[in-house]
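Quick notes on the structure that follows.
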Amino acid sequence: FIGVMEQLQHAVKTGEPPALSVADNVKTMALIEAGYRSIDEGRTVKLSEISTNSVI
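Heads up, our numbering is the position in the sequence shown plus 244, with the first residue counted as 1.
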């Protein structure tokens, strides 16, 4: 997380595009959410079960 934030700060300061897009970061968060849900529910959770439509 720290590396992503440092890279974002660099992009804002320099005007360069960030290395990772918002969509990339939302996909990462969906993966993390699926992992937590899998642990909580004791089953495999497909990424398609995690909605990202409201964020992107």
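Note that the Cβ used here is the ideal one computed from N, Cα and C, for glycine as well.
With H, G and I counted as helix, E and B as strand and the rest as coil, what does DSSP make of L275?
Of the three classes helix, strand and coil, the one that applies to L275 here is helix, per DSSP.
Given a cut-off of 7 Å, decide if A274 and L252 are closer than it, judged by their beta-carbon atoms.
No, they are not a contact pair.
When DSSP labels each residue in this structure, what does R287 get in the three-state scheme?
The three-state reading of DSSP puts R287 in coil, since its state is none of H, G, I, E or B.
Would the beta-carbon of S282 fall within 7 Å of that of V289?
Yes.
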